[in-house]
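Below is one structure, written out as structure tokens, with a few remarks after it.
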Ligand SMILES: Nc1ncnc2c1ncn2[C@@H]1O[C@@H]2COP(=O)(O)O[C@H]2[C@H]1O
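Numbering (UniProt numbering), first residue to last: 1 to 657.
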């Protein structure tokens with residue numbers, strides 16, 4: 001059960017109780033004559049109070065935005081709240097006091113009044129739910145005033161009773177007088193007396209005694225407040241109504257004042273007045289976008305869809321459209337009203353929006369304003385040609401015809417930007433609109449078909465170029481990937497060769513000295529792995545290196561660097577190089593080769609010892625044995641062989657290829 005349900009039974013109930021009780025308390029005769037009625041009303045009210053407690057117990061509440069309906073939690077919450085305390089107090093069975101004081105003292109039930117805040121709560125809720133809040137506010141105010149006057153009337157009667165009926169001219173006349181004896185007369189007289197005070201009419205008899213003066217003073221003070229609140233509330237209601245009108249409709253008063261001050265012709269003023277009249281009488285709300293702006297977008301869309309969808313679905317082009325397109329469109333529509341004979345657009349004007357007809361009839365007219373080419377009615381649209389950039393349209397962005405409102409017509413306008421926005425997402429609808437425009441243009445002979453064909457062809461060429469460019473891009477990426485793969489397999493190969501060479505070098509080192517020397521002595525022909533070949537290659541390499549690189553010889557470090565660089569050069573670099581259109585230049589690898597030969601050469605030069613470069617650089621036997629030197633020479637030997645073999649490998653590969 002929702003929260004609102006809990007308080008809905010209160011207003012009638014409480015008003016009735018309060019009126020009843022004071023009447024019964026002060027007008028004892030009324031109370032005693034209708035005792036069964038009062039008692040029944042009292043206990044029915046008590047039942048309702050109890051029912052309200054049950055309802056409250058089942059009323060959900062929001063916890064972090066989630067409606068809690070769990071009974072145990074609801075019960076716990078209610079029992080711990082202060083409402084429960086007040087509800088309990090209001091239902092205490094004080095009626096047992098009747099046995100002590102008798103039925104003439106219904107005041108024993110005064111504890112029921114602690115529920116008054118619930119009455120206010122209920123009224124507030126009703127006010128937010130009613131569709132006529134201003135009327136509701138006025139009625140609420142009237143009820144409050146009525147209750148106040150009623151209570152005051154009862155007090156006046158009770159005071160008169162206390163002073164003595166008819167003891168002076170201010171108090172209630174003697175009730176033994178038949179004229180004032182009837183219960184109805186008693187109540188009406190007191191109510192009239194009280195109403196005079198609260199409405200500040202003040203036409204009451206003058207008080208005589210002090211207690212009468214005190215009563216009057218208190219009443220007058222309350223009356224001022226009551227009067228002020230009446231005036232204030234009614235004023236508010238009127239302002240609200242005017243504000244609402246000002247939001248719904250353009251401010252006529254302001255426009256009128258403007259027209260007067262600028263001495264606008266009577267005929268034009270008349271037309272504007274008629275237009276205003278039409279808006280008011282037919283409740284044409286012009287500023288709905290402004291009004292709905294205060295709501296969140298999804299609610300605005302829902303409202304706009306429910307209000308305008310029937311119109312949009314009448315429009316042929318939108319009939320087959322997806323719901324999302326209509327939802328997009330509906331928020332961008334601006335209502336416009338045109339008077340009879342008014343032009344919506346004129347031929348030759350620059351088009352900024354298109355129109356959808358909600359109601360009314362419009363004519364496509366010749367320049368004379370009389371000859372009608374076509375009549376458009378609800379569900380039709382127009383003004384799309386000049387904003388769609390139709391190819392071959394001779395009039396460009398200019399209106400192709402005059403459109404005149406025959407009677408009053410209700411249109412929705414849709415700006416060029418909004419239409420372009422929406423149509424960019426829905427190409428089918430765009431094609432449909434363009435097709436319709438093209439047909440009209442052909443009929444009018446305003447479509448340059450050759451230009452259209454040319455534009456279409458130019459578009460085709462453009463599309464082809466775009467396609468070629470994108471294929472080129474794909475090819476480049478593929479090439480880059482291939483190059484990266486090539487590099488990586490190269491690297492792997494080299495690593496493998498290095499490993500093998502390392503093994504060979506280790507074998508050499510561990511050979512017995514005789515064999516080692518033998519190898520050195522036996523000459524290059526017997527060298528491991530065809531060293532003679534390497535030497536030859538080396539020599540060639542040197543020559544090539546000299547030819548190709550000339551002055552680059554100083555780059556001797558590059559040999560090793562290039563070798564290592566293979567691994568440091570990231571594949572990313574390569575990809576970038578290729579992607580930016582640098583054709584992967586084979587010269588690079590040639591240079592590399594060249595540098596390697598340079599490097600080799602420089603190493604030899606650096607050695608400065610003839611014969612060192614021939615690859616048989618084994619230390620003389622009689623050299624004083626130094627283990628560190630031996631290690632160093634082995635290292636150098638190994639490096640040199642490594643380089644030579646690598647180069648030889650390259651050359652062999654090249655030769656083979
Ligand atoms: N013969 C016609 N029948 C229906 N509509 C037309 C005709 N001629 C022009 N229109 C519409 O009138 C509009 C005038 O502005 P546009 O040229 O932007 O778009 C035009 C069409 O939508």
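No residue lacks a Cβ here, since even glycine has one placed at the ideal position from N, Cα and C.
Only a predicted model underlies this, so the values are computations on that prediction, with no experimental measurement involved.
**Study point:** Own chain residues within Cβ distance below 6 angstroms of residue 347, not counting five before or after
**Key:** To locate residue 347, count along the chain shown from 1; it is residue 347. The residues 399, 401 and 402, in chain order, have a CB closer than 6 angstroms to that of residue 347 in the same chain once the five nearest residues on each side in sequence are set aside.
Review point. Taking all protein chains shown into account, do 16 or more other C-beta atoms lie within 10 angstroms of the C-beta of residue 56, making it buried, or fewer, making it exposed?
Key: For the purposes of this step, residue 56 is identified with residue 56 of the chain shown, where counting begins at 1. Per the 10 Å Cβ criterion, buried.
Check your understanding: Would you call residue 383 buried or exposed, if buried means 16 or more other Cβ atoms sit within 10 Å of its Cβ?
Key -> Translated into positions along the chain shown, residue 383 becomes position 383. With 16 or more Cβ atoms within 10 Å of its Cβ, residue 383 is classed as buried.
Check your understanding: On the three-state DSSP scale, how would you describe residue 63?
Key -> What you label residue 63 is simply residue 63 of the chain shown in a count that begins at 1. Three-state DSSP puts residue 63 in a strand.
Point to revise | Through-space distance from residue 143 to residue 29, alpha-carbon basis | key: Within the chain shown, numbered from 1, the residue matching residue 29 stands at position 29. Within the chain shown, numbered from 1, the residue matching residue 143 stands at position 143. Between residue 29 and residue 143, the C-alpha separation is close to 25 angstroms.
Check your understanding: So residue 55 is in the alpha helix (DSSP H); what residue range does that whole segment cover?
Key -> Position 55 of the chain shown, counted from the first residue, corresponds to residue 55. That run of the alpha helix (DSSP H) goes 35 to 57.
Review point. Starting from residue 410 and walking both ways along the alpha helix (DSSP H), at which residues does that stretch end?
Key: In the chain shown, counting from the first residue as 1, residue 410 sits at position 410. Segment 409 to 415 is the beta strand (DSSP E) holding residue 410; no alpha helix (DSSP H) there.
Review point. Mind checking residue 76: buried by the 16 CB within 10 Å criterion, or exposed?
Key: Indexing the chain shown from 1 puts residue 76 at position 76. With fewer than 16 Cβ atoms within 10 Å of its Cβ, residue 76 is classed as exposed.
Point to revise | DSSP beta-bridge partners of residue 364 | key: Here the question's residue 364 lines up with position 364 in the chain shown. Bridge partners of residue 364: 374 and 403.
Review point. DSSP on residue 600, reduced to helix/strand/coil?
Key: Here the question's residue 600 lines up with position 600 in the chain shown. Confidence at residue 600 is low in this model, with a pLDDT of 40, below 50, so its placement is unreliable and the value that follows should be read with caution. Reduced to three states, the DSSP call for residue 600 is helix.
Point to revise | Neighbourhood of residue 290 by C-beta, 8 angstroms cutoff - its chain only, sequence neighbours within 5 removed | key: As a working mapping, residue 290 is identified with position 290 in the chain shown. Result list for residue 290: 247, in chain order.
Practice item. For my contact list, residue 357 and residue 380 are in at a C-beta cut-off of 8 angstroms; report their separation, rounded to the angstrom. Key: Residue numbering aside, residue 357 sits at position 357 when the chain shown is read from its first letter. Residue numbering aside, residue 380 sits at position 380 when the chain shown is read from its first letter. Right, the Cβ-Cβ distance comes to about 5 angstroms (below 8 angstroms), so this counts as a contact.
Review point. How big is the Cα-Cα spacing for residue 365 and residue 440?
Key: Position 365 of the chain shown, counted from the start, is the residue given in the question as residue 365. Position 440 of the chain shown, counted from the start, is the residue given in the question as residue 440. Rounded to whole angstroms, residue 365 to residue 440 spans 14 angstroms at the Cα level.
Review point. Can you give the Cα-Cα distance for residue 339 and residue 409, rounded to whole angstroms?
Key: One-based indexing of the chain shown puts residue 339 at position 339. One-based indexing of the chain shown puts residue 409 at position 409. Distance from the CA of residue 339 to the CA of residue 409, rounded to the nearest whole angstrom, comes to 7 angstroms.
Practice item. Report buried or exposed for residue 294, applying the criterion of at least 16 other Cβ atoms within 10 angstroms of its Cβ. Key: What you label residue 294 is simply residue 294 of the chain shown in a count that begins at 1. Burial call: exposed.
**Study point:** Cα-Cα separation, residue 79 to residue 100
**Key:** Reading the chain shown from its first residue, position 79 is the one you call residue 79. Reading the chain shown from its first residue, position 100 is the one you call residue 100. Roughly 32 angstroms separates the two Cα atoms.
Practice item. Provide the residue span of the beta strand (DSSP E) that contains residue 356, from first to last. Key: Taking the first residue of the chain shown as 1, we reach residue 356 at position 356. Residues 353 to 359.
Check your understanding: In chain order, which alpha helix (DSSP H) runs of at least 4 residues are fully inside the stretch 287 to 315?
Key -> 288 to 292 and 297 to 312
Check your understanding: The beta strand (DSSP E) with residue 270 in it runs from where to where?
Key -> If you number the chain shown from 1, residue 270 lands on position 270. For residue 270, there is no enclosing beta strand (DSSP E); the residue is found in the alpha helix (DSSP H) stretching over 266 to 281.
Practice item. Report yes if the CB atom of residue 335 is closer than 8 angstroms to the CB atom of residue 288, and no otherwise. Key: By one-based count along the chain shown, residue 335 stands at place 335. By one-based count along the chain shown, residue 288 stands at place 288. In terms of Cβ geometry, residue 335 and residue 288 form a close pair [threshold 8 angstroms].
Exercise for review: Tell me whether residue 190 sits in a helix, a strand or coil according to DSSP, three-state version.
Suggested key: Walking along the chain shown from the start, residue 190 turns up at place 190. Looking at residue 190 - three-state DSSP - the assignment turns out to be helix.
Exercise for review: For residue 353, count neighbouring C-beta atoms within 10 Å of its own C-beta (all shown protein chains included) and say buried if the count is 16 or more, exposed if not.
Suggested key: Reading the chain shown from its first residue, position 353 is the one you call residue 353. Answer is buried; the Cβ neighbour count reaches 16.
Check your understanding: When you compare each of 432, 233 and 458 to residue 137 by their alpha carbons, which one comes out closest?
Key -> Sequence index remark: in the chain shown, residue 137 carries index 137 (1-based). When only C-alpha atoms are compared, the closest one is 233.
Point to revise | Touching by the beta-carbon criterion (3+ pairs, under 8 angstroms), the stretch 305 to 323 and the stretch 367 to 377 | key: no
Check your understanding: Between residue 684 and residue 41, what straight-line distance do the alpha-carbon atoms span, to the nearest angstrom?
Key -> The structure shown does not extend to residue 684, since the chain is modelled only from 1 through 657, so no value can be given for it.
Review point. If you draw a straight line from the C-alpha of residue 319 to the C-alpha of residue 332, how long is it?
Key: Counted from its first residue, the chain shown places residue 319 at position 319. Counted from its first residue, the chain shown places residue 332 at position 332. So the two alpha carbons sit approximately 18 angstroms from each other.
Check your understanding: Tell me, which residues are paired with residue 398 by DSSP?
Key -> Within the chain shown, numbered from 1, the residue matching residue 398 stands at position 398. BP columns for residue 398 point to 350.
Practice item. Would you identify the three-state DSSP class for residue 249, choosing helix, strand or coil? Key: Within the chain shown, numbered from 1, the residue matching residue 249 stands at position 249. Three-state result, residue 249: coil.
Check your understanding: Just to confirm, are residue 390 and residue 434 a CB contact at a threshold of 8 angstroms?
Key -> Position 390 of the chain shown, counting from 1, holds the residue named residue 390. Position 434 of the chain shown, counting from 1, holds the residue named residue 434. Yes, Cβ-Cβ distance for residue 390 and residue 434 is below 8 angstroms.
Practice item. Between the Cα of residue 108 and those of 367, 98, 195 and 164, spot the shortest distance and give me the residue it belongs to. Key: Looking up residue 108 in the chain shown gives position 108. For the residues 367, 98, 195 and 164, the minimum Cα distance to residue 108 belongs to 98.
Review point. Looking at the structure shown, is residue 98 part of a helix, part of a strand, or coil, going by DSSP?
Key: For the purposes of this step, residue 98 is taken as the residue at position 98 of the chain shown. Helix, per DSSP.
Review point. Considering residue 335, what are the terminal residues of the beta strand (DSSP E) in which it resides?
Key: Here the question's residue 335 lines up with position 335 in the chain shown. Note, residue 335: beta strand (DSSP E), 334 to 338.
Check your understanding: Roughly how many whole angstroms lie between the Cα atoms of residue 105 and residue 211?
Key -> Looking up residue 105 in the chain shown gives position 105. Looking up residue 211 in the chain shown gives position 211. Near 23 angstroms, if we compare the C-alpha coordinates of residue 211 and residue 105.
Practice item. Could you tell me if the beta carbon of residue 376 falls within a distance shorter than 7 angstroms of some heavy atom in ligand 1? Key: The count along the chain shown starts at 1 and reaches residue 376 at position 376. Yes.
Check your understanding: Does residue 108 come within less than 8 angstroms of chain B when only Cβ atoms are used?
Key -> This model lacks chain B altogether; it includes just one protein chain.
**Study point:** Cβ-based neighbour list, residue 415, same chain, cut-off 6 angstroms, excluding 5 preceding and 5 following
**Key:** Within the chain shown, residue 415 is the residue found at index 415, counting from 1. Excluding positions up to five away in sequence, the list reads 353.
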